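Structure first, commentary second.
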Amino acid sequence: SQQGEEDPQALSIQEGENATMNCSYKTSINNLQWYRQNSGRGLVHLILIRSNEREKHSGRLRVTLDTSKKSSSLLITASRAADTASYFCALSGNTGKLIFGQGTTLQVKP
Amino acid sequence: GAVVSQHPSWVICKSGTSVKIECRSLDFQATTMFWYRQFPKQSLMLMATSNEGSKATYEQGVEKDKFLINHASLTLSTLTVTSAHPEDSSFYICSALRTSGNKEYFGPGTRLTVL
């Protein structure tokens, strides 16, 4: 399967702590994207990292990409209760289609 | 920014009826739109790729006669779930591929409940 595999499936932390989610994949990619989805809502695009990039930052978000290990991680620093959501990685290869990972459900307790 | 809308946002229907979901790119043209399905607590699964002026391309396991896709203009794609059954109850999300920049923008989703 080309689908990205994410771990952990679920993560529960206290407000202020950091949250790290990982995404592993099997195919070659052009880029990898991270999305957030609040319960029952649409997707919010967080970050896109290209295959020739190793790290990107956006506010409290830090994404790394290791193409040799075919893995990516999303780090949310100083988490807030509002960060509670599901987070998905999505792989983009030569087909132009996005293949989504299984997602990590993050709960940030106030 | 680029905005994609879906209508309706939620729909409840009886088993055996057909339901049409619209996906519109509001401020850009999209030659290609995608339709995804998401069951509760699961990830998004691509159903089909909708190309303006041509037939949609369906992913393996998706019945093209059950999920009719029409991409009649550069800003509108529709998904019709024909003869819906309870197992079709799901969250349907569309996205539109902006030709300039080659970036995919997602709609807010449509919650379908089939009784």
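Protein chains in written order, with my numbering: chain G, 99 to 208; chain C, 21 to 135.
Beta carbons are placed, not taken as given, at the ideal position from N, Cα and C, and that holds for glycine.
All of these numbers come straight from a predicted model, not from anything done at the bench.
The C-beta distance from T165/G to S149/G rounds to 6 Å, short enough to fall under 8 Å.
At a cut-off of 8 Å between C-beta atoms, R139/G counts as an interface residue with respect to chain C. Put simply, the CB of K195/G is near chain C, with a gap under 8 Å to one of its CB atoms. Proximity of the region 171–188 of chain G to the region 123–142 of chain G meets the contact definition, three or more beta-carbon pairs being nearer than 8 Å.
Around the beta carbon of S97/C, a 10 Å sphere encloses 16 or more other beta carbons of the protein chains shown; the residue is thus reported as buried. Less than 8 Å divides the Cβ of A22/C from the Cβ of F48/C. Counting every other CB atom within 10 Å of its CB across the protein chains shown gives E107/C a total below 16, marking it as exposed. Between the region 23–32 of chain C and the region 196–205 of chain G, the count of C-beta pairs closer than 8 Å stays below three; the two stretches do not touch. The three-state secondary structure of E107/C, taken from DSSP, is helix. Taking every protein chain shown into account, the CB of F59/C has fewer than 16 other CB atoms within 10 angstroms, so this residue is exposed.
Of the residues L130/G, L173/G and L144/G, the one whose Cα lies closest to the Cα of N136/G is L144/G. At a cut-off of 8 Å, the C-beta of E124/C has a neighbouring C-beta in chain G. Rounded to the nearest whole angstrom, the C-alpha separation of T100/C and Q112/G is 43 Å. Judged by beta-carbon spacing, A92/C lies beyond the 8 Å limit of S45/C, meaning their Cβ atoms are not closer than that value. Listed in chain order, the non-local C-beta contacts of T51/C below 8 Å within the same chain comprise N71, E72, L94, L117 and T119, local neighbours out to five positions each way being set aside.
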